[in-house]
Amino acid sequence: MKHGAILILLILSTAAAFTQDLPSVYDGVWKMQQQVEMAKKLSGVNPDYSNVNGTPNIFKEFHKGNFYFSDKTCIADILINYNCYTDVVLFSDGKNNYTTNSQDIDYFTITRGENGPILLFKQVFLSSEKKRIFMQVLYQGESVLFKRYRKEFLKADLDKPYGSNRQRDEYNDYYEYYVSIAGKEPVILKPRKNAVVEIFNAKSDKIDDFIKNEKIDLKNEADLMKLVEHYDKI
Numbered sequence: 080m081k082h083g084a085i086l087i088l089l090i091l092s093t094a095a096a097f098t099q100d101l102p103s104v105y106d107g108v109w110k111m112q113q114q115v116e117m118a119k120k121l122s123g124v125n126p127d128y129s130n131v132n133g134t135p136n137i138f139k140e141f142h143k144g145n146f147y148f149s150d151k152t153c154i155a156d157i158l159i160n161y162n163c164y165t166d167v168v169l170f171s172d173g174k175n176n177y178t179t180n181s182q183d184i185d186y187f188t189i190t191r192g193e194n195g196p197i198l199l200f201k202q203v204f205l206s207s208e209k210k211r212i213f214m215q216v217l218y219q220g221e222s223v224l225f226k227r228y229r230k231e232f233l234k235a236d237l238d239k240p241y242g243s244n245r246q247r248d249e250y251n252d253y254y255e256y257y258v259s260i261a262g263k264e265p266v267i268l269k270p271r272k273n274a275v276v277e278i279f280n281a282k283s284d285k286i287d288d289f290i291k292n293e294k295i296d297l298k299n300e301a302d303l304m305k306l307v308e309h310y311d312k313i
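The sequence shown begins at 80 in the working numbering and counts up by one.
Structure below.
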């Protein structure tokens with residue numbers, strides 16, 4: 080099975096297993112209109128990105144998903160997107176887009192397409208940045224592997240003599256991976272073997288052997304998931 084297929088299956092199984100337990104905890108289902116009417120927490124946002132290459136959101140279009148709030152209420156089957164440039168969760172009522180009070184959200188899920196994968200996002204605290212960030216859960220066992228979506232904003236520079244001939248402002252995608260071991264705060268997982276082995280130092284020899292024997296590509300998402308899962312098994 081190719082890495083892409085393995086990745087989709089693992090994401091589906093992780094999100095599905097988690098969300099099956101959520102209704103018993105997040106048992107207050109709110110209506111969309113109630114959320115829209117919370118004027119103190121929400122404001123209408125309908126930015127125009129027609130003159131910009133890309134957007135600060137992880138998806139060009141909004142997709143169906145669920146919100147799970149810190150007061151153990153939830154909203155199901157609404158249109159959601161995520162601005163990873165400002166770390167703000169968005170939703171739409173079909174006509175207008177709104178920004179949420181993201182600090183009240185524990186988790187959210189986004190389903191890509193009619194039968195697409197379910198992406199599970201969790202809010203985690205990073206002491207290095209002194210703030211909470213939403214990251215996608217790629218693997219969840221005793222350890223957790225996260226994917227952090229990032230955007231780099233680049234200004235048009237046609238008017239600069241030594242610019243890169245960028246005709247319009249643009250948002251460029253890039254990603255970072257974090258791992259949480261035994262409930263500890265997530266740390267960035269840099270794609271270098273020495274850095275990875277150091278993070279898994281309690282089992283460093285076995286992790287080193289696994290990387291060599293399985294030819295693990297530390298820049299490949301599916302391989303990182305296999306690596307963290309293997310760490311939990313040894």
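Note that CB positions come from ideal geometry on N, CA and C, so glycine has one too.
Whether residue 181 touches residue 141 by CB criterion (9 Å): Counting from one through the sequence shown, the residue named residue 181 turns up at place 102. Counting from one through the sequence shown, the residue named residue 141 turns up at place 62. Not in contact: residue 181 and residue 141 (Cβ atoms no closer than 9 Å).
Residue environment, residue 247, which counts as buried when at least 16 other CB atoms sit within 10 Å: On the sequence shown, position 168 is the one that residue 247 refers to. Residue 247 is exposed by the Cβ-count criterion.
Whether residue 300 touches residue 169 by CB criterion (9 Å): For this step, residue 300 is matched to residue 221 along the sequence shown. For this step, residue 169 is matched to residue 90 along the sequence shown. Cβ distance not < 9 Å, so residue 300 and residue 169 don't count as in contact.
According to DSSP, residues forming a beta bridge with residue 144: Within the sequence shown, residue 144 is the residue found at index 65, counting from 1. Bridge partners of residue 144: 157 and 189.
Three-pair Cβ contact test at 8 Å for the stretch 250-260 versus the stretch 227-236: yes
Backbone secondary structure at residue 303 - three-state DSSP: Looking up residue 303 in the sequence shown gives position 224. Residue state, collapsed to three classes: helix.
Local conformation of residue 43 per DSSP, three classes: No statement about residue 43 is possible, as the shown extent of the chain runs from 80 to 313 and does not include it.
Close-in-space but distant-in-sequence residues of the same chain around residue 139 (CB under 6 Å, 5 per side omitted): Within the sequence shown, residue 139 is the residue found at index 60, counting from 1. Close CB contacts of residue 139 within its chain, under the 6 Å cut and outside five residues either way in sequence, are absent.
Boundaries (first-last residue) of the beta strand (DSSP E) holding residue 201: As a first step, residue 201 is located in the sequence shown; it is residue number 122 there, counting from the start. That run of the beta strand (DSSP E) goes 197-205.
Cβ shell of residue 308 (< 7 Å), same chain only, five flanking positions each side left out: By one-based count along the sequence shown, residue 308 stands at place 229. 218 and 220, listed in sequence order.
Any C-beta of chain D under 9 Å from that of residue 171: Absent from the structure is chain D; it holds one protein chain and no more.
Those residues which DSSP pairs with residue 165 across a bridge: Here residue 165 is taken as the residue at index 86 of the sequence shown, counted from 1. DSSP links residue 165 through a beta bridge to no other residue.
Contact under 9 Å by Cβ, residue 146 with residue 157: Against the sequence shown, residue 146 aligns to sequence position 67. Against the sequence shown, residue 157 aligns to sequence position 78. Yes, the pair counts as a contact, with Cβ atoms nearer than the cut-off.
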